[in-house]
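Under the working numbering, the sequence shown has 120 at position 83, and the numbering climbs by one with no breaks. The block underneath contains the structure these notes are about, expressed in structure tokens.
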Amino acid sequence: MKKIVLPFLISLVLVGCNGKSDDNGTIEQPEGKITANGEQYIMMPSNYEWKENNTEIRHLRPHNRVKSADNFETLEAEKGDTLKFEIDKKPSSVEMIKVNEDDTIESVEMKDNEIILPSKEGYYIYELNAKWDKGKITFLFDVNVK
Numbered sequence: 038m039k040k041i042v043l044p045f046l047i048s049l050v051l052v053g054c055n056g057k058s059d060d061n062g063t064i065e066q067p068e069g070k071i072t073a074n075g076e077q078y079i080m081m082p083s084n085y086e087w088k089e090n091n092t093e094i095r096h097l098r099p100h101n102r103v104k105s106a107d108n109f110e111t112l113e114a115e116k117g118d119t120l121k122f123e124i125d126k127k128p129s130s131v132e133m134i135k136v137n138e139d140d141t142i143e144s145v146e147m148k149d150n151e152i153i154l155p156s157k158e159g160y161y162i163y164e165l166n167a168k169w170d171k172g173k174i175t176f177l178f179d180v181n182v183k
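This is how it looks when you write it as structure tokens:
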């Protein structure tokens with residue numbers, strides 16, 4: 038009996054925690070995508086909060102950019118390349134920061150959902166914070182600029 042119950046409970050927890058929307062009114066977690074050199078990549082969600090229709094979701098993780106970025110396939114790009122972003126549910130505001138190799142943090146200007154990569158070679162971690170009236174999410178990704 039335990040062999041049947043444990044997989045069932047694990048499946049139930051995974052399905053209940055994914056935040057995907059269906060016609061029953063569950064909440065769908067926004068997805069963030071990057072387009073670089075014609076290829077599309079899914080950004081790693083870090084923290085997520087949403088409140089809608091008497092349902093509240095809070096998925097908060099310890100804030101460790103390096104560890105979270107390790108879960109993302111590092112983008113290989115050229116100096117000055119442009120990255121384009123697409124975020125589900127059209128956020129009301131988006132802010133981005135860049136963490137340099139020396140751990141200094143800079144604000145990154147985003148125009149028309151695009152950023153221009155640095156003109157200096159190096160490894161960079163980017164954090165994108167998107168907000169809506171009903172919630173917010175943080176996405177992470179890393180880039181090796183050559």
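Glycine included, C-beta positions come from ideal geometry on N, C-alpha and C.
Bounding residues of the beta strand (DSSP E) (the contiguous stretch that carries residue i)
{"i": "THR92", "result": "92-96"}
{"i": "LYS148", "result": "It is not in any beta strand (DSSP E) - LYS148 carries neither H nor E in the DSSP assignment."}
{"i": "ASP179", "result": "172-182"}
{"i": "PRO82", "result": "81-89"}
Presumed contact (8 Å Cβ cut-off) between residue i and residue j, rounded CB distance
{"i": "ILE124", "j": "PRO67", "result": "6 Å"}
{"i": "MET133", "j": "ILE152", "result": "7 Å"}
{"i": "LEU154", "j": "ASP118", "result": "5 Å"}
{"i": "GLU86", "j": "ILE79", "result": "That pair is no contact at about 20 Å."}
Neighbourhood of residue i by C-beta, 7 Å cutoff - its chain only, sequence neighbours within 5 removed
{"i": "ASP60", "result": "Because the pLDDT of ASP60 is 49, which lies under 50, any placement of that residue in the model is unreliable, and the question is left without a value."}
{"i": "SER144", "result": "ILE134"}
{"i": "SER139", "result": "It should be pointed out that residue 139 corresponds to Asp in this sequence rather than to Ser. Result list for ASP139: empty, nothing under 7 Å."}
Beta-carbon proximity of residue i to residue j, cut-off 8 Å
{"i": "LYS88", "j": "GLY172", "result": "yes"}
{"i": "ASN181", "j": "THR111", "result": "yes"}
{"i": "PHE122", "j": "GLY69", "result": "yes"}
{"i": "ILE174", "j": "ASN84", "result": "yes"}
{"i": "LEU147", "j": "VAL136", "result": "Per the sequence shown, the amino acid found at residue 147 is Met instead of Leu. Not in contact: MET147 and VAL136 (Cβ atoms no closer than 8 Å)."}
Three-way DSSP call (helix, strand, coil) for residue i in this model
{"i": "MET133", "result": "strand"}
{"i": "THR63", "result": "coil"}
{"i": "LYS193", "result": "Outside the displayed range of the chain (38 to 183) lies residue 193, so it cannot be described from this structure."}
{"i": "LYS116", "result": "coil"}
{"i": "PHE109", "result": "coil"}
{"i": "THR72", "result": "strand"}
{"i": "GLU164", "result": "strand"}
{"i": "GLU138", "result": "coil"}
{"i": "ASP125", "result": "coil"}
8 Å Cβ shell around residue i - same chain, five flanking residues per side excluded
{"i": "ALA114", "result": "ALA73, ASN74, LEU120, LEU154, VAL180, ASN181, VAL182 and LYS183"}
{"i": "SER129", "result": "LYS168, TRP169 and ASP170"}
Cutoff 6 Å; reference residue i; Cβ partners in own chain excluding five residues on either side
{"i": "LEU97", "result": "ASN84"}
{"i": "VAL52", "result": "At VAL52, the pLDDT of 41 sits below 50, so the modelled position is not reliable; the number obtained from the coordinates is stated separately. Contacts found: none."}
{"i": "GLN77", "result": "LYS70"}
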